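Residue numbers (the numbering used here): 456 to 531. The beta carbon of each residue, even a glycine, is placed where N, CA and C say it ideally should be. Here the structure is a predicted model, which is why all the values come from computation and not from measurement.
Now the structure itself:
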């Protein structure tokens, strides 16, 4: 009976180790991501772009069409 219990425990441990869906350890707090301390919020964004270049066309289009709506939805 004891050998049967040891065998089943060994099989269960092997299943837990090989299954990546099961948690291996307790979740730890990552101190670098702002939890547990104050993080200053963004106050200003400065965007520099060329008025004539085709590479900056997306930035210009965003500023002309979507920036006002974006700033209304994200008040600072």
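For this session: Look up residue 517 in the DSSP assignment and say whether it is helix, strand or coil.
Result: Counted from its first residue, the chain shown places residue 517 at position 62. DSSP places residue 517 within a helical segment (H, G or I) once states are collapsed to three.
Problem set entry | Pairwise C-alpha distance: residue 527 and residue 513 | Against the chain shown, residue 513 aligns to sequence position 58. Against the chain shown, residue 527 aligns to sequence position 72. If you take the alpha carbons of residue 513 and residue 527, they lie about 20 Å apart.
For this session: Would you kindly work out how many angstroms separate the C-alpha atoms of residue 504 and residue 523, rounded to a whole number?
Result: Looking up residue 504 in the chain shown gives position 49. Looking up residue 523 in the chain shown gives position 68. Each residue's alpha carbon lies about 18 Å from the other.
For this session: Please state if the CB of residue 499 and the CB of residue 506 are separated by a distance shorter than 9 Å.
Result: The residue you call residue 506 lines up with position 51 of the chain shown. The residue you call residue 499 lines up with position 44 of the chain shown. No, they are not a contact pair.
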